[in-house]
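Numbering (this note's numbering), first residue to last: 176 to 388.
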């Protein structure tokens with residue numbers, strides 16, 4: 176199941192999957208003189224909390240780049256760190272390594288691993304060309320544009336085919352890469368399907384349609 180909030184749900188195993196939280200991205204930018212409102216971590220965790228309450232998963236998988244950099248967890252305010260640790264205490268929380276956070280942060284619960292594999296699915300941060308069917312990944316922050324009344328709408332999206340699913344970024348301050356970019360299209364040589372995030376539903380069209388717009 177794909178949720179319009181940008182999460183994947185696997186009801187049979189009680190698993191909820193999100194990608195690219197980029198917690199403390201705002202504080203990272205502030206350290207470099209790019210002032211952003213420092214509320215991204217709180218907003219992201221509140222959205223995640225709503226999903227946890229709705230689906231009550233047994234397992235939560237975060238597909239990498241959960242923290243924007245290696246010191247992100249150290250900069251996290253006490254309230255948000257407490258909220259996050261409450262999540263890791265209540266669920267089996269699996270942190271997949273990303274390129275922004277390749278090592279476990281101090282003071283954060285959960286299991287840290289390079290990939291997470293079940294009998295039928297493989298969860299990793301960056302998709303691998305030619306991977307066996309059942310790959311679930313993130314990293315690219317896919318977004319797509321669709322014609323709409325009076326113009327066009329661009330939003331984050333899932334991209335999928337019979338082999339793999341690439342999840343949208345879940346973090347509040349994350350940008351996006353257009354699905355027409357070769358970095359994404361090369362993963363779907365036989366075409367794929369896009370599920371654009373709406374407020375309460377998903378909007379579906381083919382990758383070929385996106386290339387034509």
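Every residue, glycine too, gets a C-beta built ideally from N, C-alpha and C. Quick caveat: nothing in here was measured; it's all calculated off a predicted structure.
- Taking residue 283 as the centre and dropping the five residues before and after it, the same chain places the C-beta of 248 closer than 6 Å to its C-beta, in chain order.
- The Cβ neighbour count for residue 307, taken over all protein chains shown within 10 Å, is under 16; the residue is labelled exposed.
- For residue 290, same chain residues with a beta-carbon under 7 Å away, outside a window of 5 residues either side, are 271, 297, 298 and 299 in chain order.
- Contiguous beta strand (DSSP E) elements confined to the region 280-323 occur at 286-288, 310-312 and 317-323, taking only those with 3 or more residues.
- Per DSSP, the unbroken alpha helix (DSSP H) holding residue 222 starts and ends at 215-230.
- Look at residue 347 here: in three-state DSSP terms it is coil, with no helix or strand label.
- In the DSSP assignment, residue 333 falls within the beta strand (DSSP E) that extends over 326-335.
- Beta-carbon to beta-carbon, residue 304 and residue 339 are separated by about 10 Å, too far to satisfy the 8 Å threshold.
- DSSP, reduced to helix, strand and coil, places residue 250 within a helical segment of the structure shown.
- Rounded to whole angstroms, the separation of the alpha carbons of residue 384 and residue 260 is 42 Å.
- Around the CB of residue 239, 16 or more other CB atoms lie within 10 Å, so the residue is classed as buried.
- Residue state for residue 353 is assigned as strand, using DSSP reduced to three classes.
- A distance below 6 Å between beta-carbons, with the five flanking residues on each side excluded, links residue 253 to no residue of its chain.
- Residue state for residue 379 is assigned as strand, using DSSP reduced to three classes.
- From the listed residues 371, 186, 335 and 350, the smallest Cα separation to residue 360 is found for 335.
- Considering only 285, 244 and 280, the residue with the shortest C-alpha distance to residue 200 is 244.
- Taking a contact as a CB-CB distance under 8 Å, the pair residue 377 and residue 177 counts as one, their CB atoms being some 6 Å apart.
- Under the DSSP assignment, residue 242 falls outside any beta strand (DSSP E); it carries neither an H nor an E label.
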